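To start, the structure itself, in structure tokens.
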Amino acid sequence: MSKISAAEFWRFSLTVYANPQVQKALLQWQDEYDLNVNLCLLLAYLDCHQQALDSSQLQALQTAIAPFNQLALKPLRQVRAEVKAQQGSLPDYPALRQQLLDLELQFERQQQMQLVQACNTLKLRSESKVNNLALYLPSSLLPLNADLDQALHAITD
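In terms of my numbering, the sequence shown opens at residue 10 and continues consecutively.
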């Protein structure tokens, strides 16, 4: 596989994340296990392209996105949750909510670009049977439900 295209990965992510089962699982993993949704999506994308990571490469990807995740994305999610909790006292809540959601989507795309940039510096192994998600997910989440596994690994052209 040649270099990953950020635009192609973004399209893959939007398509896969549009599946309600995938969305529910990824948000649950984010909330309950502090897993990174974009990293999960990248690992699934690499699985689809039969590109394997090792644990040190996975760590390099986590390190590449950690500052932006801690200083931008997580605080923005906290702000969005607080605004939601205060919605009864905010006359313009729907507009505020939409602005925050739009900003969060921009931040998610930025983080995906960081992941792609970091991933494109790694020497990945081509393998016919790849399960990069198994390197990242807690053992309690494995094996994945077959329907979820298939939905996460949907290749779209």
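All residues carry an ideal CB built from backbone N, CA and C; glycine is no exception.
Predicted model only: the values in this text are computed from it and were never measured.
Selection from Asn129, Lys138 and Asn140 that minimises the alpha carbon distance to Lys12: Relative to Lys12, the option among Asn129, Lys138 and Asn140 whose CA is nearest is Asn129.
Given Gln59 as reference, the closest of Asn141, Asn154, Ala160 and Ala155 once Cα atoms are compared: Shortest Cα-Cα distance from Gln59 to any of Asn141, Asn154, Ala160 and Ala155 involves Asn141.
So who's on the other strand from Ile60, going by DSSP bridges? Residue identity differs from the one stated: residue 60 is Gln in this sequence, not Ile. DSSP, once it has assigned bridges, lists Ser135 as partnering Gln60.
Hey, how far is the Cα of Glu91 from the Cα of Ala27? C-alpha separation (whole angstroms): 25 Å.
Can you name, in chain order, every residue of its own chain whose Cβ lies under 8 Å from the Cβ of Ala160, other than the five neighbours on each side? Cβ within range, chain order: Val25, Asn28, Gln30 and Val31.
Classify Gln96 as helix, strand or coil using the three-state DSSP reduction. Reduced to three states, the DSSP call for Gln96 is helix.
Tell me whether Ile13 sits in a helix, a strand or coil according to DSSP, three-state version. Looking at Ile13 - three-state DSSP - the assignment turns out to be coil, as it is neither helix nor strand.
Top-ranked residue by Cα proximity to Leu67, from Leu85, Ala94 and Asn47: Comparing Cα positions, the closest option is Asn47.
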